[in-house]
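Note sheet for the following structure.
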Amino acid sequence: MTSSVLPRVLFDHGRHTLSVRNIEARLDVLAFEGHEHLSQPFTYRVEFTSTERDLAAETLLGQ
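If you count the sequence shown from 1, position 36 lands on 36 in the UniProt record's numbering, and the numbers rise without skipping.
The following block contains the structure:
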């Protein structure tokens, strides 16, 4: 199949956003993954970016 017949895929960083309580800044998700196992706590890891440079980690973690 030639590239002219393949559907065009557009990449958009703003496809997923993250909402955090009491944070008004726009948070764009770069990557995320989750793990769960029987009889074990689940975990999620979220990587995100923001144009706000003064976001304190304490305001984001545990929310």
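Ideal placement from N, C-alpha and C gives every residue a C-beta, glycine not left out. What you are looking at is a predicted structure, and each value in this text was computed from that prediction instead of being measured.
Once the 5 residues before and after residue i are set aside, which same chain residues still bring their CB inside 8 Å of it?
i, result
"Val20", "Leu27, Thr59, Leu60 and Gln63"
"Thr51", "Ala25 and Arg26"
Report yes if the CB atom of residue i is closer than 8 Å to the CB atom of residue j, and no otherwise.
i, j, result
"Ala31", "Glu47", "yes"
Specify the secondary structure class of residue i as computed by DSSP and reduced to three states.
i, result
"Leu60", "helix"
"Val20", "coil"
"Arg45", "strand"
"Arg53", "coil"
Along the chain, where does the beta strand (DSSP E) that runs through residue i open and close?
i, result
"Ala31", "Leu27 to His35"
Identify, in the order they occur along the chain, each residue of the same chain with its Cβ nearer than 6 Å to the Cβ of residue i, setting aside the five sequence neighbours on each side.
i, result
"Val29", "His16, Leu18 and Phe48"
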